[in-house]
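Below is one structure, written out as structure tokens; the observations come after it.
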Amino acid sequence: MTELDEDGYFGEDIAATYDESSADMFRPEAVEPAVDLLAELADDGQALELGIGTGRIALPLSRRGIPVHGIDMSRAMVSQLRSKPGGEAIDVTIGDFATTRVPGTFAVAYLVFNTINNLTTQDAQVDCFRNAAAHLRPGGRFVIEVGVPDLRRLPPGQSAVPFTISPTRLGFDTYDVATQAMSSHHITIVDGRPSYWSLPFRYVWPAELDLMARLAGMRLRDRWEGWRREPFTGESRRHVSVWEKVAESAE
1 MTELDEDGYF GEDIAATYDE SSADMFRPEA VEPAVDLLAE LADDGQALEL GIGTGRIALP
61 LSRRGIPVHG IDMSRAMVSQ LRSKPGGEAI DVTIGDFATT RVPGTFAVAY LVFNTINNLT
121 TQDAQVDCFR NAAAHLRPGG RFVIEVGVPD LRRLPPGQSA VPFTISPTRL GFDTYDVATQ
181 AMSSHHITIV DGRPSYWSLP FRYVWPAELD LMARLAGMRL RDRWEGWRRE PFTGESRRHV
241 SVWEKVAESA E
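Per the numbering used here, the sequence shown runs over residues 1 to 251.
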């Protein structure tokens, strides 16, 4: 099991190789559609990224002229952000993104790449929605990109599902369907020597997220399969959902 420190599960060892290990998510075809949509939602306002990490989305969004503020617990991940061109210009607050408050009012707040699942209790996920809503201006949008729980691949009696199998990497998720707890397990082989890393999550259903939004004074505006606004269907394995903060005068 990964050892916890002040950076949570994303300490120096993980931060140093995070971009490389998630290389597919840094490709233009993965980044640009997300930045396009977030820039459109931000319009003339500011953006708040919860779990800003190494700046995969924040940096190109900032280059579009959108003021971006980030929250992240991991100083090591933020250090990687700071080392990149433009990284010093982005304001980042160190803290738990479920509860940490920052100055300002934002047009859009967002969580990408399954980061909502890093909050491993339902209470923490509810707190995150409330925190996002507290930062948004009336009519502001909260955006989450997250996978649909992959339980259709889990036959009775099985608790593990592989997601990566290669000569140098093995990855599998384990599920507890009674608690919605899951863990991702990563085994990497370098020069014939294996290393192991695991990370706990709490998977969450789209309808459950909608109820969390409602508790926080927001309502669902859009749900797509991806950033290019593909239709969300029963076969979709992920979704990009957009909730709007309801004006105080609205019923």
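Quick reminder that beta carbons are idealized off the backbone N, C-alpha and C, glycines included.
Keep in mind it's a predicted model, so treat the numbers as computed, not measured.
Beta-carbon proximity of residue i to residue j, cut-off 8 Å
i: Ile-66; j: Ala-30; result: no
i: His-69; j: Val-112; result: no
i: Gly-53; j: Met-77; result: yes
i: His-185; j: Thr-174; result: yes
i: Leu-48; j: Phe-10; result: no
i: Val-35; j: Arg-64; result: yes
i: Gln-80; j: Ala-15; result: yes
i: Lys-245; j: Leu-136; result: yes
i: Gly-55; j: Gly-104; result: no
i: Trp-227; j: Leu-50; result: no
Environment of residue i [buried if 16+ CB atoms lie within 10 Å]
i: Tyr-196; result: exposed
i: Pro-138; result: exposed
i: Pro-60; result: buried
i: Glu-32; result: exposed
i: Leu-151; result: exposed
i: Ala-216; result: buried
i: Gly-45; result: buried
i: Gly-192; result: exposed
Rounded straight-line distance, which links the Cα of residue j to that of residue i
i: Phe-129; j: Ser-241; result: 13 Å
i: Thr-115; j: Glu-145; result: 8 Å
i: Arg-221; j: Pro-206; result: 13 Å
i: Ala-23; j: Pro-155; result: 31 Å
i: Thr-233; j: Arg-223; result: 10 Å
i: Ile-266; j: Thr-99; result: Not covered by the structure: residue 266. The range shown for the chain is 1 to 251.
i: Ile-90; j: Gly-157; result: 47 Å
i: Glu-230; j: Ser-236; result: 10 Å
i: Asp-7; j: Arg-75; result: 6 Å
i: Asp-210; j: Glu-248; result: 19 Å
i: Glu-20; j: Thr-188; result: 12 Å
i: Gly-140; j: Gln-125; result: 19 Å
i: Ser-71; j: Phe-172; result: The question names Ser, yet the displayed sequence has Ile at residue 71. About 28 Å.
i: Glu-208; j: Glu-225; result: 17 Å
i: Glu-40; j: Ser-62; result: 13 Å
i: Asp-123; j: His-239; result: 22 Å
i: Arg-219; j: Gly-147; result: 20 Å
i: Arg-27; j: Arg-82; result: 20 Å
Residues near residue i in its chain [Cβ-Cβ closer than 7 Å; skip 5 each side]
i: Asp-96; result: Met-73
i: Tyr-203; result: Asn-117, Pro-149, Gln-180 and Met-182
Beta-carbon contacts of residue i that lie in its chain and below 6 Å, excluding the five residues immediately before and after
i: Ala-132; result: Ala-109 and Phe-142
i: Asp-176; result: none
i: Ala-213; result: Phe-129 and Trp-243
i: Pro-194; result: Ile-187
Own chain partners of residue i with C-beta closer than 8 Å, once the 5 adjacent residues on each side are dropped
i: Pro-200; result: Tyr-9, Thr-120, Ala-181, Met-182 and Ser-183
i: Val-190; result: Thr-168
i: Lys-84; result: Thr-54, Gly-55 and Leu-59
i: Leu-153; result: The amino acid occupying residue 153 in the given sequence is Arg; Leu does not appear at that position. Around Arg-153: Val-161.
i: Ala-134; result: Arg-101
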